[in-house]
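A.B. asks: Going by my numbering, the first residue of the sequence shown is number 96, and it counts up by one from there.
Cβ coordinates follow ideal geometry from the N, Cα and C atoms, glycine included.
Supplied in structure tokens, the structure appears directly below.
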Amino acid sequence: MRNQETLVYRHLRGSRMIRSTVLRLALMPIALALIGTAPKPKLGEPAPDVEFTLVSGEKVKLSDLRGQVVVINFWATWCVPCRRELPTLDSFYRVTQKHGLRVFAVTTEDSVPLYQMKKLFAAMAISPVKRMKGPYDTLEGVPTNYIIDRAGRVRYAKAAAFELDDLNRELIPLLNEKVD
Numbered sequence: 096m097r098n099q100e101t102l103v104y105r106h107l108r109g110s111r112m113i114r115s116t117v118l119r120l121a122l123m124p125i126a127l128a129l130i131g132t133a134p135k136p137k138l139g140e141p142a143p144d145v146e147f148t149l150v151s152g153e154k155v156k157l158s159d160l161r162g163q164v165v166v167i168n169f170w171a172t173w174c175v176p177c178r179r180e181l182p183t184l185d186s187f188y189r190v191t192q193k194h195g196l197r198v199f200a201v202t203t204e205d206s207v208p209l210y211q212m213k214k215l216f217a218a219m220a221i222s223p224v225k226r227m228k229g230p231y232d233t234l235e236g237v238p239t240n241y242i243i244d245r246a247g248r249v250r251y252a253k254a255a256a257f258e259l260d261d262l263n264r265e266l267i268p269l270l271n272e273k274v275d
């Protein structure tokens with residue numbers, strides 16, 4: 096009798112596992128299709144909307160920043176070029192923010208505690224981002240920078256650190272553009 100119960104249990108357990116696996120396999124194309132529909136930031140095209148939650152708690156939508164030039168900087172604490180780039184970016188921002196520049200620094204690590212983020216950015220003017228909702232999650236490396244012009248189009252998308260010359264070359268012409 097005990098062997099029959101064991102066989103029935105194994106059969107039922109096996110059936111449940113098969114059904115579960117079949118269901119997962121059936122749903123996989125749907126999940127992959129949904130993932131594939133997220134708009135990716137492409138040069139010259141309108142920037143996909145994103146919502147930043149800043150360390151201060153303020154929420155900012157990219158679509159609300161039309162008329163301004165926006166830099167989205169993805170960085171990591173372990174990244175040496177990122178740590179060199181942030182002070183340069185901050186200095187440039189301090190000088191040009193009155194001309195319509197906004198800079199958002201997005202850490203690629205969820206492990207950076209809020210108190211550390213506040214400490215890292217206490218002396219900086221750029222906005223540290225605690226959380227971000229949007230399709231900018233596929234990065235080729237860090238740092239990665241996106242520049243969105245006043246009309247909301249992606250004008251720069253590259254995995255590379257900015258030097259001061261790069262910032263001048265990429266941003267000054269955009270800051271001088273008028274919005275139609």
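Closest to Val183 by CA distance: which of Val249, Arg245, Ala256 and Glu153 is it?
C.D. replies: First, the residue type needs correcting, since residue 183 is Thr and not Val in the sequence shown. Comparing Cα-Cα distances from Thr183 to each of Val249, Arg245, Ala256 and Glu153, the minimum goes to Ala256.
A.B. asks: With a CB to CB cut of under 6 angstroms and the five nearest residues on each side skipped, what residues in its chain are close to Glu340?
C.D. replies: Residue coverage of the chain in this structure runs from 96 to 275, which leaves residue 340 outside it and unanswerable.
A.B. asks: Taking just the CA atoms, how far does Gly236 sit from Ser186?
C.D. replies: Cα to Cα, the separation comes out at about 23 angstroms.
A.B. asks: Assess contact between the stretch 244-255 and the stretch 210-218, defined as three or more Cβ pairs (one per stretch) separated by less than 8 angstroms. Is contact present?
C.D. replies: They do not touch, by the three-pair rule.
A.B. asks: How far does the beta strand (DSSP E) with Ile242 in it extend, from its first residue to its last?
C.D. replies: Where Ile242 is concerned, the enclosing beta strand (DSSP E) stretches over Thr239 to Ile243.
A.B. asks: If you draw a straight line from the alpha carbon of Gly229 to that of Leu259, how long is it in whole angstroms?
C.D. replies: Taking the straight line from one Cα to the other gives about 28 angstroms.
A.B. asks: Taking the straight line between their C-alpha atoms, what separation do you get for Arg264 and Glu146?
C.D. replies: Going by the C-alpha atoms only, they are around 27 angstroms apart.
A.B. asks: In angstroms, rounded to a whole number, what distance separates the CA positions of Lys88 and Arg226?
C.D. replies: Residue 88 is absent from the model: the chain starts at 96 and stops at 275.
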